[in-house]
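To start, the structure under review is shown below, and the notes come after it.
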Amino acid sequence: MKPAPFDYLAPRTVDEALEALARHGEEAKVLAGGQSLVPMLNFRLARPAVIVDINRVSGLDGLGEGGGTLQVGALVRQRRLERWAATAAPLLHAGVRLIGHPAIRTRGTVGGSIAHADPAAEYPAVLVALEGEVVARGPRGERVIGAADFFQTYLTTALAPDEILTEVRLPAMEPGSGWAFEEFARRHGDFAIVGIAALVVLDGRRCRRARLAAAGAGPVPVRLRQAEAVLERGSVDESSIQAAAAAAERAVEPDGDLHASAEYRRHLTGVLTARALRRAVARAEGRP
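Quick note: the sequence shown, position 222, residue 1288 per the working numbering, numbers continuous.
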């Protein structure tokens, strides 16, 4: 199929893009990498009257680090982030490598994926696990939105129709950290049925900090706080990992669909949490 007719705008600055959104309101859609929007247009699941293509907008493709924070511009291509994050943000790197195929990552953008807010996607889970933030600009100025408040339900965020996501901010990983992103998909490159982002910070055998989030286990990425609390109570061993996995399984309330039942998604949450924690602990301890 082909898209329904629409008008096409290609602003050169953020202000021009915001003016176009203000003029057209909910009739407009922002085009970044297009890896989510274009298929929706082709299947006519989305029928905007106006496409605002922000690919020519300058200043939205920066990558940097300062003050313990990583700054990722909304138009940074996923493939570029994949290379940069290998040393700068290992958990993010682990998640990016699971996104689709290289051709998709070459075109897809960080901001586009996060704004699309598919609950099975990797970026939102990492953002929630690391307690990151997004920066949005609109006619009322700039605002910073925490990950916990940004994702609202399926494909829905706190972005207003006249706002653009301009930057993603994540805390830099501290010494003693271990990380892992584990997911299960039917085929390589498919959206995950369930995915788990895990970060642990060890002090000897004691878990000083744990951060866990699940993708595909609800309408938004789910922060697994009960599982984190289990780990942070004391030393990390196989029994505490199993207890954390059981807590993660109890914490989620997934929906069933044609890909997997709710019960299967819940079971996968526990299995993948244990798997991710074992790998994260091994990395924190310097083991292969």
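Just so it is clear, CB atoms sit at the ideal spot from N, CA and C, and this is done for glycine as well.
Since the model is a prediction, treat every value here as computed from it, not as a measurement.
Two segments are said to touch when three or more pairs of C-beta atoms, one from each, lie closer than 8 angstroms; by this definition the stretch 1269 to 1282 touches the stretch 1294 to 1307. Annotation for Val-1200: the continuous beta strand (DSSP E) segment containing it runs 1199 to 1204. Where Asp-1228 is concerned, there is no enclosing alpha helix (DSSP H), because DSSP gives it neither an H nor an E. Each residue's CA atom was taken as its position, placing Ala-1310 and Gly-1125 some 42 angstroms apart.
Bounds of any alpha helix (DSSP H) do not take in Tyr-1220, whose DSSP letter is neither H nor E.
Between Ala-1342 and Ile-1262, the gap from beta carbon to beta carbon is short of 7 angstroms. Below 8 angstroms, enough C-beta pairs join the stretch 1169 to 1183 and the stretch 1093 to 1100 to call them touching: three or more. Contact between Val-1288 and Ala-1295 does not hold, since the beta-carbon distance rounds to 15 angstroms and is not under 8 angstroms. Between Gly-1336 and the set Glu-1315, Glu-1351, Gly-1322, the nearest pair of CA atoms involves Glu-1315. Put simply, of His-1325, Val-1266, Pro-1069, Ala-1246 the residue whose alpha carbon is nearest the alpha carbon of Arg-1253 is His-1325.
Val-1286 places its beta carbon 7 angstroms or farther from that of Pro-1205.
With distances taken between CA atoms, Ala-1183 lies nearest to Ala-1281 out of Ile-1259, Phe-1247, Ala-1281, Gly-1161. With contacts defined by Cβ atoms closer than 7 angstroms, Arg-1173 and Ile-1165 do not form a contacting pair. Here Glu-1319 is exposed: its Cβ has fewer than 16 other Cβ atoms, across all protein chains shown, within 10 Å. By the Cβ criterion, the stretch 1103 to 1111 is not in contact with the stretch 1207 to 1227, since fewer than three pairs of Cβ atoms, one from each stretch, lie closer than 8 angstroms. The bridge partners DSSP lists for Gln-1137 are Gly-1130, Arg-1235. Judged by pairs of C-beta atoms under 8 angstroms, the stretch 1225 to 1242 touches the stretch 1129 to 1138, as three or more such pairs exist.
Taking C-beta separations shorter than 8 angstroms and ignoring five residues to either side along the sequence, the partners of Ala-1348 in its chain run Gly-1244, Pro-1354, following chain order. For Ala-1281, the uninterrupted beta strand (DSSP E) run begins and ends at 1272 to 1281, by DSSP. For Tyr-1330, the closest of Arg-1163, Ala-1246, Phe-1250, Leu-1290 by C-alpha to C-alpha distance is Phe-1250. Here Tyr-1074 has Ile-1117, Asp-1119 as same chain residues with Cβ atoms under 7 angstroms from its own Cβ, once five neighbours each way along the sequence are excluded. Under the three-state reduction of DSSP, Leu-1324 is assigned to coil, being neither helix nor strand. The shortest CA-to-CA distance from Ile-1211 to any of Glu-1197, Leu-1221, Thr-1219 is the one to Glu-1197. If you draw a straight line from the Cα of Arg-1203 to the Cα of Leu-1231, it is about 7 angstroms long. Excluding five sequence positions before and after Thr-1222, the CB atoms of its chain that fall closer than 8 angstroms to its own CB belong to Ala-1183, given in chain order.
Distance from the CA of Thr-1153 to the CA of Leu-1265, rounded to the nearest whole angstrom, comes to 15 angstroms. Counting other Cβ atoms within 10 Å of its Cβ, His-1167 stays below 16 and is therefore classed as exposed.
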